[in-house]
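Novice: Using the working numbering, read the sequence shown as starting at 69 and increasing by one per residue.
Glycine residues also receive a C-beta, built at the ideal position from the N, C-alpha and C atoms.
Only a predicted model underlies this, so the values are computations on that prediction, with no experimental measurement involved.
For reference, the structure I am asking about is given below.
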Amino acid sequence: MSKEYTIPACSGMKIDIKQGQSITVIDIEGGQVVDFFAEVNGNANEFLSTGVTIDCNESLKLNIGDIIYTNLYHPMMKVLSDDVGEHDMLHPCCRREMYEFFYHNGGEHPNCFDNINRVLEEQRAIITPVNLFMHTKINTDGSISVEEPISKAGDKIVLKALMDITLGVAACSVSESKCNSGRCSSVKIVVD
Ligand SMILES: [Zn+2]
């Protein structure tokens, strides 16, 4: 039986997933980034690692068939299908300090770092999720630029859980840049 979760704009959600279940992440309106973090169910010390994922897949990009790994190099999820093909594995969650650094408005700004820590009831010092649908252009000289997502309304990525995991996900709160096309919207997750 499938379960549907809607994550309102600028907020986060915790979702428990069993090994073998599929996770469909849907960009409802298009152009919206999803900060997608996970940990091994019952063990907060083993969690999704973008660095290890980049290492094992030998790629800065996430492609169909690729595995997302934990910090202990265990296969965590597999990409089954993907309408978009542009996801970011470089940037940490947006946080008050980031808003302060770039926009001088960190004070009460909603942010993915606090949203994910809150739903997981944790106080991680930094969270580097897979930023689904985030379009980071990587240039040959190593410079990067964050562009508008190419995801259209209803576009989705489907992942399969390879272990029992707990998701901590957030609909990203940045409205100040092209990151979320200049506005924040809701996203949907279907588990089955
Ligand atoms: Zn964010």
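So is proline 143 buried or exposed if we call it buried at 16+ other beta carbons inside 10 Å?
Specialist: Taking the sequence shown and counting its residues from 1, one reaches residue 143 at position 75. So proline 143 ends up on the exposed side.
Novice: With respect to 6 Å, is the separation between the Cβ of serine 241 and the closest non-hydrogen atom of ligand 1 below this value?
Specialist: As a first step, residue 241 must be located in the sequence shown, where it is residue number 173. Answer for serine 241: yes, Cβ within range of ligand 1.
Novice: I want to check one thing, is the minimum distance from the CB of aspartate 103 to the heavy atoms of ligand 1 below 6 Å?
Specialist: Within the sequence shown, numbered from 1, the residue matching residue 103 stands at position 35. At least one heavy atom of ligand 1 is nearer than 6 Å to the Cβ of aspartate 103, so yes.
Novice: Based on the DSSP secondary-structure assignment, which residues constitute the bridge partners of lysine 228?
Specialist: Indexing the sequence shown from 1 puts residue 228 at position 160. Answer is Ser90, Lys146.
Novice: Less than 7 Å between the beta carbons of threonine 118 and lysine 224, yes or no?
Specialist: Your numbering for residue 118 matches position 50 in the sequence shown. Your numbering for residue 224 matches position 156 in the sequence shown. No.
Novice: Would you kindly work out how many angstroms separate the C-alpha atoms of glycine 98 and asparagine 199, rounded to a whole number?
Specialist: Working through the sequence shown from its first residue, we reach residue 98 at position 30. Working through the sequence shown from its first residue, we reach residue 199 at position 131. When rounded, the distance between both Cα atoms is 14 Å.
Novice: Report yes if the CB atom of glutamate 154 is closer than 7 Å to the CB atom of isoleucine 206, and no otherwise.
Specialist: On the sequence shown, residue 154 is found 86 positions in, with the first residue counted as 1. On the sequence shown, residue 206 is found 138 positions in, with the first residue counted as 1. Contact flag unset, no.
Novice: Kindly indicate the opening and closing residues of the beta strand (DSSP E) around tyrosine 73.
Specialist: The residue given as residue 73 occupies position 5 in the sequence shown. 71-75 is the span of the beta strand (DSSP E), which, as asked, contains tyrosine 73.
Novice: Taking 6 Å as the cut-off, is the beta-carbon of cysteine 180 closer than that to any non-hydrogen atom of ligand 1?
Specialist: On the sequence shown, residue 180 is found 112 positions in, with the first residue counted as 1. Result yes, Cβ under 6 Å from ligand 1.
Novice: Leaving out the 5 sequence neighbours to the left and right, which residues in its chain are closer than 6 Å to asparagine 125 when beta-carbon positions are compared?
Specialist: Stepping through the sequence shown from its first residue, residue 125 is reached at position 57. Hits under 6 Å: Asp134.
Novice: Compute every distance between the C-beta of cysteine 252 and the non-hydrogen atoms of ligand 1, then say whether any falls below 6 Å.
Specialist: As a first step, residue 252 is located in the sequence shown; it is residue number 184 there, counting from the start. Not under cutoff, so the answer is no.
Novice: Please check the pair phenylalanine 201 and valine 259, which I expect to be a contact at CB under 8 Å, by giving their CB distance rounded to whole angstroms.
Specialist: Translated into the one-based positions of the sequence shown, residue 201 becomes position 133. Translated into the one-based positions of the sequence shown, residue 259 becomes position 191. Wrong, their Cβ atoms sit about 18 Å apart, outside the cutoff.
Novice: Apply the 10 Å Cβ neighbour rule to glutamate 140 and answer buried if 16 or more other Cβ atoms are within range, or exposed otherwise.
Specialist: Along the sequence shown, one-based indexing puts residue 140 at 72. Per the sequence presented here, residue 140 reads as leucine, with glutamate not at that position. Exposed is the call here.
Novice: From the DSSP output, read off the bridge partner residues of lysine 256.
Specialist: In the sequence shown, counting from the first residue as 1, residue 256 sits at position 188. In the DSSP output, where bridge partners are listed per residue, lysine 256 has Thr74, Ile94.
Novice: Kindly give me the distance between the Cβ atoms of serine 249 and proline 178, rounded to whole angstroms, as I take these residues to be in contact under 8 Å.
Specialist: Residue mapping note: residue 249 aligns to position 181 of the sequence shown, counting from 1. Residue mapping note: residue 178 aligns to position 110 of the sequence shown, counting from 1. Incorrect: roughly 17 Å between the Cβ atoms, too far for contact.
Novice: Helix or strand or just coil, what does DSSP make of glycine 250?
Specialist: As a first step, residue 250 must be located in the sequence shown, where it is residue number 182. If DSSP states are grouped into helix, strand and coil, glycine 250 belongs with coil.
Novice: Quick check: what's the CA-CA separation for glycine 80 versus leucine 130?
Specialist: Walking along the sequence shown from the start, residue 80 turns up at place 12. Walking along the sequence shown from the start, residue 130 turns up at place 62. Going from the Cα of glycine 80 to the Cα of leucine 130 covers about 23 Å.
Novice: When you compare each of Met69, Ser243, Ile75 to methionine 166 by their alpha carbons, which one comes out closest?
Specialist: In the sequence shown, the residue the question calls residue 166 occupies position 98. Nearest C-alpha to methionine 166: Ser243.
Novice: Could you give the DSSP three-state label for phenylalanine 201: helix, strand or coil?
Specialist: Taking the sequence shown and counting its residues from 1, the one referred to as residue 201 is at position 133. Residue state, collapsed to three classes: coil.
Novice: Taking the beta strand (DSSP E) that leucine 235 falls in, what are its first and last residues?
Specialist: Indexing the sequence shown from 1 puts residue 235 at position 167. Leucine 235 -> beta strand (DSSP E) spans 233-239.
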